[in-house]
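Down below is the structure, laid out as structure tokens.
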Amino acid sequence: MTSLLILFLSGLTAADPRQRFAQETGLDLDLIGVVQTEVNGIELTVAFVFINERTFSSRISTELRAALSPYVGRNAFYVNPSVEQVVEQFGFSPFDVSVRQQGEAAFTPEASAWVEITPGFTSGWFEVNPSGPDQGSGSEGILVLDEAIDSTFPLDLIYRGVE
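Each residue of the sequence shown is one higher than the one before, counting from 13 in the numbering used here.
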């Protein structure tokens with residue numbers, strides 16, 4: 013199997029954020045990782061989606077499809093940090109993401125591995141969710157790992173120590 017399985021240690025429940033994200037987007041669970049953590053007293057949700065051919069079978073916009081398509085086959089992840097509030101700036105930094113491949117030590121991807129979809133993604137700029145302000149705000153980027161990982165083995169994506 014060539015798909016990438018993202019493992020997270022949080023228990024699966026009916027309120028599992030991965031399950032909710034999968035239902036909302038139409039993505040397969042094995043393509044999704046979700047990290048939830050508090051930053052300055054506000055809950056931050058960071059969704060990670062492995063970019064492969066199956067990603068495009070989901071309910072994504074034409075614009076996002078165009079942004080992601082060059083990264084198929086490059087061991088890349090769509091990264092979407094979001095909060096329930098409408099904010100222009102938030103304490104999210106993609107440079108706080110680390111990756112741990114099965115049996116390997118964790119590493120922090122280099123700055124050059126990040127691609128901004130939303131202008132200001134790498135500096136924490138957020139925009140109102142396109143679905144409306146009641147959906148909060150967030151940002152979008154791509155993490156390109158190329159040969160830094162082997163997509164046939166599970167891995168953990170970690171944000172500020174939270175898996």
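Every residue gets a Cβ at the ideal spot worked out from N, C-alpha and C, and that includes glycine.
>> What residue range does the beta strand (DSSP E) around Gly71 cover?
In response: Indexing the sequence shown from 1 puts residue 71 at position 59. Here the sequence assigns Arg to residue 71, which means Gly is not the residue at that position. Arg71: not part of any beta strand (DSSP E); DSSP gives it neither H nor E.
> What is the DSSP secondary structure of Asp158, reduced to helix, strand or coil?
Replying inline: Stepping through the sequence shown from its first residue, residue 158 is reached at position 146. Looking at Asp158 - three-state DSSP - the assignment turns out to be helix.
>> Check for me: the alpha helix (DSSP H) holding Pro29 runs from which residue to which?
In response: Here residue 29 refers to the residue found at position 17 when the sequence shown is read from its first residue. Pro29: member of the alpha helix (DSSP H) spanning Pro29 to Thr37, first to last residue.
> Between Gly136 and Gly103, which are expected to be in contact by the criterion C-beta below 8 Å, what is the C-beta distance as a whole number of angstroms?
Replying inline: On the sequence shown, position 124 is the one that residue 136 refers to. On the sequence shown, position 91 is the one that residue 103 refers to. The C-beta distance from Gly136 to Gly103 rounds to 6 Å, short enough to fall under 8 Å.
> Should Asn52 be labelled buried (16 or more other beta-carbon atoms within 10 Å of its own) or exposed?
Replying inline: As a first step, residue 52 must be located in the sequence shown, where it is residue number 40. When all chains shown are included, Asn52 counts as exposed.
> Using the beta-carbon count (16 or more within 10 Å), is Arg30 buried or exposed?
Replying inline: Numbered from its first residue, the sequence shown carries residue 30 at position 18. In this structure Arg30 is buried. Its beta-carbon is surrounded by 16 or more other beta-carbon atoms within 10 angstroms.
> Can you name the start and end residues of the beta strand (DSSP E) that Asn92 belongs to?
Replying inline: Residue mapping note: residue 92 aligns to position 80 of the sequence shown, counting from 1. Counting along the chain, Asn92 sits inside the beta strand (DSSP E) bounded by residues Ala88 to Val95.
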